[in-house]
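Residue numbers (the working numbering), protein chains in the order written: chain A, 1 to 333; chain B, 334 to 666; chain C, 667 to 999; chain D, 1000 to 1332.
Okay, structure coming up:
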């Protein structure tokens, strides 16, 4: 059935790229045709493992056999690649964020709109069975009218400081996921953002001008309230929880552990820690988001999260950053 | 409203007696009038703390103001006291077991029957909100037809060896509670008993001819199956769980902790151990069983567990002992 | 040992007064001597049930046999009663809040300071085994350096609207408990308060100018962050949770249920809802806070929460109200 | 690296065969070279999907490129295939049970011994992270000396009655897994088996002479005790739990759910049901057992479960059947 497989050109052969390439290769509905990376060796190695061959962007986009691009390259290349792919008529699966500059996002969105290509922005949490399950259930009214949303995201350990220097900082590289989930679960674009942040975990992070601990309050026009808290370090592992509270009850999404094993000793009753980090926790989410993208290409679904949602998440992240800097709440346009 | 209070004569001023006397004193429907104990000082002290005064059995039972007796004296006095109280027309609240000899139980039951006095045998677990709640729910059909019952009872630490010497051993002093719960939850008198026991915890227990670890299988005529396991020692505290499985699902009664506090560290996610032992775990059960007895006296309820249930639990315990000794399953008469 | 019992004069014979009077009566270290209430009948009834007799304030405070006062009368009488009791040299157990006007609180605090009487402000949550256990453990360094505190408080159902009209509103009658817990757990007086509130539960509450759903962010000088969320209604019952996160892990205090019973059916695995409301949930907390007060009088402890903590909680509540009204964060003096 | 991949010939293209073939294909250390099935179409289809081509046993075993066989054909072919593969010098991965006749097992074991080929009997539960994790931890002394083991296995729904007719019945097709786990966790071959069974779920099962509900007690020479209970139907899904209790505490292995999602409503606090059946629950276990087998072939591990363990599990199952039929405990030879 090879003729029917969706042929991918993947941009980016780094850590997240390896996951996506592996999922493409493991899918019986997709196939990896090209890998594009400035690091040609990395591209070659990934292609060797999961199929396809290294290529340049031009070469790959010119090949009519390519149905879709998967963009997992550095953030500052996303918008350019989205536009190039859109112009070449390829479907687009792009890692978040689209860009750090909202004007650039708008421009890329316009290009995509004109090209009319299917586009999925890879906010992976929406595809996690637990967190995505919460989002879907809330959308179906499982808690009645949503009133309060409480989101906790903590990484097990901070990233290298030089990563932070280029990532836009905590609100843009980390909390942006929570903004997208908040937007989805609230069912409204928040109207106001208030943020506070601290440098409590690693002084080096403070030196590059970022915080490692932050809380945000989102308020919607209809009065719904959302609280988000982030930390760059949790000694017990990746902490990813959401609580949606409403007129008819509450849904709570908790962490996941590798094993359901309890130990009862003279000291305590213990169970396992959460899965260590995103590679462990979101394994299924990454597979599911690819499957969702393929469903969209087959006309069985429409993208759960696209350019518009990417734009909103970025706008919330930038507003949070501005609020933290100014000390005041920031209204969304 | 003192005139309407149920006036008690309590037999036994030991550990379990202190609990019952305290509950009588704390109830606004009951009052302690006499305490009878061969240890007159203990009786006097208990009376001083919770009301009433020391007395002899004869004196107390001759007092028409006494409405009820609470028997918390040593096991070998239970049947005599039940009969004396029955003949004096007093309502009876008696600690389990009624006696260690089934013929003696039958005799006492006959005396009670003739006297027509209200009698409650204090199988406290039936009155524990969690375990009793399971029993009641199963009786109401919460799991459909009961098919399998699994009961786990473990004490935090073994009793003094000289206690065991006089108690009749594990099946009679400890597992008897589980036999009563099994009887209730199965909704049938078991037809066959198979037991195996070992001396794994304390060699001294073996020296007095008892086991400290035991498992029992009960089978009913209709094919329901029940597994009970006991240990005289659990390093993590009192372990009291029941699982009732049937055609429409399962009810699981778990342990109780003093606090709902979780600790997430680099090593594990921990919560509190179970409450240490019966005094902590069954505090509410003891209060509830007294309240139930008072309800019975007020005509609002009929005893949930009486002479007949006491007889069945004893018979099962003796059959288990016999099975362990013979190595063969034992049929109930 | 009656001569050594602490003799109480209790002010207030309403709902919370009944609980305290019952606990005094049940304690073997305390005794109820007088009940003072403008509703003399209520006072008489409470005295009949739990001991003592109705009296006027003057009469009661003039009696040298009175060791302590328990103030459970309406909020607007608290400060006057505190001062009168202090001047009479009585130890003081006072329900929160001290007053709604910070100047009045300062004045009363000064009077107490001069009188040198032992004073406990009854923030009951500090004495709940679970929530108080979290606070104590955090104080002992159980999570390392505290970084983020997340507090959720939801009532099962809103109070009558006329209660709200007189209570000062959600921040002063409800979230004030959370402010006290935050203050304790953070280990610092917060430096800034930001609040947002909505009227989502009951339009009548909005009509009297209050909110029924609110979130607050507290920031300390050292950069610790705290998020509080409140709702006047949770269909599943009283929701009282705290999460303290720090450099060495997290402590989570969860809700309490009456029974540890799980039901496994074809639809779901279910357990019991939380205890319904404060009377059920904080039964032990009320007993523990009285015991703590008695310990203080016996010189075995010093008050865990006094006038100063009462002042801080009030100041935070007022700042939150102001922030919500102004739309801006409010700095604490 | 294709030359280093372990080349498999798989026997059996049925349900469990599909899982194994998929895992071989997905592994970067293994490759499917032949599929052998009397249903040649099924073999061809499986080969088309996962690699290799249909072949006869003779053809496949004669190919020196074949390193290993994976036997997933009907039970009555296992012993013959084991022997043929052993004589051909192929490593053997065989589904349980080896045979239903212990003499046949011994014969096959002798052939394997003489051939000296690596052999793994696929008791998949040993490779489940949760259940296998318990077994490993107990082996390392996590509960001190093991004293009591309690195993619960319930299928969501009974198999077709004609399957039971050929499978040897509940003890041989279902409880055999529990016998293997018990053997492993007890760390001893049980000395005595006592079984009771009932026909409570489906009368048709009784008509073919089998039970659908059963409990077993195992006793070891050193006095360890084990209770196993099985049901062919659990309305809430696959129920696979083990509890190992010992001198230093307890390990409990619980069920697994697809999502960590809780729903708090006016009725209850609910979470998800367990994963539906073995295909869902043991997905990881099947992958892990293949990986373990490959590790054994690479000399990094020795088979955790081989012919001897297969023999013990069968012997226990047959003893249980005999005990149920005779009504008496059965001693192991």
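By construction, the Cβ of each residue, glycine as well, lies at the ideal position given by its N, Cα and C atoms.
Residue-level contact to chain B via CB, residue i, 8 Å cutoff
i	result
residue 229 of chain A	no
residue 862 of chain C	no
residue 687 of chain C	no
Own chain partners of residue i with C-beta closer than 6 Å, once the 5 adjacent residues on each side are dropped
i	result
residue 1195 of chain D	1214
residue 778 of chain C	752, 785 and 973
residue 677 of chain C	702, 737, 739 and 747
residue 851 of chain C	801, 804, 815 and 910
residue 939 of chain C	902 and 903
residue 194 of chain A	217, 323 and 329
residue 669 of chain C	Note on residue 669 of chain C: pLDDT 49, under 50, position unreliable in the model; the coordinate value appears next. Cβ neighbours of residue 669 of chain C beyond the five flanking positions: none.
residue 654 of chain B	504
residue 380 of chain B	368, 386 and 387
residue 1304 of chain D	1120, 1122 and 1125
Euclidean distance between Cα positions of residue i and residue j
i	j	result
residue 737 of chain C	residue 1266 of chain D	37 Å
residue 437 of chain B	residue 384 of chain B	33 Å
residue 1224 of chain D	residue 806 of chain C	43 Å
residue 371 of chain B	residue 510 of chain B	27 Å
residue 1180 of chain D	residue 153 of chain A	39 Å
residue 917 of chain C	residue 680 of chain C	35 Å
residue 121 of chain A	residue 151 of chain A	21 Å
residue 1057 of chain D	residue 1174 of chain D	34 Å
residue 1101 of chain D	residue 1282 of chain D	30 Å
residue 498 of chain B	residue 562 of chain B	21 Å
residue 310 of chain A	residue 1248 of chain D	51 Å
Spatial neighbours of residue i in its chain, beta-carbon cut-off 8 Å, leaving aside the 5 residues before and after
i	result
residue 1285 of chain D	1018, 1019, 1022, 1123 and 1126
residue 868 of chain C	824, 827, 878, 898 and 899
residue 1078 of chain D	1097, 1098, 1103, 1104, 1106 and 1107
residue 665 of chain B	522, 523, 524, 525, 526, 648, 649 and 652
residue 925 of chain C	938
residue 594 of chain B	604 and 605
residue 450 of chain B	418, 419, 422, 423, 424 and 425
8 Å Cβ cutoff, residue i in contact with chain C
i	result
residue 376 of chain B	no
residue 1200 of chain D	no
residue 327 of chain A	yes
residue 209 of chain A	no
Interface flag, residue i vs chain D, CB-CB below 8 Å
i	result
residue 484 of chain B	no
residue 901 of chain C	yes
residue 682 of chain C	no
residue 501 of chain B	no
Cutoff 7 Å; reference residue i; Cβ partners in own chain excluding five residues on either side
i	result
residue 634 of chain B	625 and 628
residue 726 of chain C	675, 700, 702 and 732
residue 129 of chain A	284
residue 919 of chain C	796, 797, 800, 907 and 908
Contact with chain A by residue i, beta-carbon distance below 8 Å
i	result
residue 970 of chain C	no
Residue i: CB within 7 Å of a non-hydrogen atom of the ligand FAD
i	result
residue 825 of chain C	With respect to the ligand FAD, the structure shown offers nothing to examine, as it has no ligands at all.
### Task
Please go through the stretch 18 to 87 of chain A and give each complete alpha helix (DSSP H) segment of 4 or more residues, from N-terminal end onward.
Listed in chain order, the complete alpha helix (DSSP H) runs (minimum 4 residues) inside the stretch 18 to 87 of chain A are 40 to 50, 57 to 62 and 75 to 87.
### Task
Below 8 Å between beta carbons is the criterion; list the residues of the stretch 460 to 481 of chain B that meet it against any residue of chain C, in chain order.
Residues 462, 463, 466, 467, 470 and 475.
#### Entry: Interfacial residues, the stretch 260 to 285 of chain A to chain B, with Cβ spacing under 9 Å
Listed in sequence order: 263, 264, 265, 266, 267, 268, 269, 270, 271, 272, 273 and 274.
### Message
Beta carbons nearer than 9 Å to chain B: which residues of the stretch 913 to 927 of chain C have them?
### Response
Taking 9 Å as the cut-off between beta carbons, the residues of the stretch 913 to 927 of chain C near chain B are 914, 915, 916, 917, 918, 919, 920, 921, 922, 923, 924, 925, 926 and 927, in sequence order.
### Task
Taking only runs that begin and end inside the stretch 569 to 652 of chain B, name each unbroken alpha helix (DSSP H) of 4 or more residues, in chain order.
Runs of alpha helix (DSSP H) with 4 or more residues, each lying fully within the stretch 569 to 652 of chain B, are found at 611 to 614 and 616 to 630, listed in chain order.
#### Entry: Uninterrupted alpha helix (DSSP H) stretches inside the stretch 840 to 894 of chain C (no shorter than 4 residues)
Fully enclosed alpha helix (DSSP H) runs of 4 or longer: 841 to 852 and 869 to 873.
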